[in-house]
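Down below is the structure, laid out as structure tokens.
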Amino acid sequence: MKFVRNRMARLLKLSELNPTLTPHSFRHTHTFLLAQAGIAIDEIMDRLGQDDLITRRIYLQGTEYRRKNASDQFSALIRSYRK
1 MKFVRNRMAR LLKLSELNPT LTPHSFRHTH TFLLAQAGIA IDEIMDRLGQ DDLITRRIYL
61 QGTEYRRKNA SDQFSALIRS YRK
């Protein structure tokens, strides 16, 4: 893993990107984007190779988009009954 960190640090420096990024940063970003895209939790867990508790607690905490999307979907459902 040290090889990967060293290589990544060198590439980040060469590309003038944030030098504090780690391979794990990409994992978090990937998971967050999957959640925002509405990918089911079981699909995300499968991609990460983790169980439900860890995935929900660590990777999906605070995804405001998911909360708003659920609220918007529920509101649309209620509006559809009024018609």
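FYI, the numbering for the sequence shown is 1 to 83, going by the UniProt record's numbering. Ideal Cβ positions, reconstructed from N, Cα and C, are used throughout, including at glycine. A quick note: this is a predicted structure, and the numbers were derived from the prediction, not measured.
- Within the same chain, and ignoring the five residues on either side of Pro19 in sequence, the residues whose Cβ sits closer than 8 angstroms to its Cβ are Ala9, Leu12, Lys13.
- DSSP places Leu33 inside the alpha helix (DSSP H), whose first and last residues are 23 to 36.
- Residue Thr31 holds the alpha-carbon nearest to the alpha-carbon of Arg47 among Thr31, Thr22, Leu21, Ile54.
- By alpha-carbon distance to Arg27, the top candidate from Asn6, Gln50, Ser15, Gly38 is Gln50.
- When only Cα atoms are considered, Leu21 and Ser15 end up about 12 angstroms apart.
- The C-alpha of Pro23 is placed about 29 angstroms away from the C-alpha of Lys68.
- Taking a 10 Å sphere around the C-beta of Ala70, we find fewer than 16 other C-beta atoms and assign the residue as exposed.
- Following the DSSP letters along the chain, one finds Leu17 in no alpha helix (DSSP H), marked with neither H nor E.
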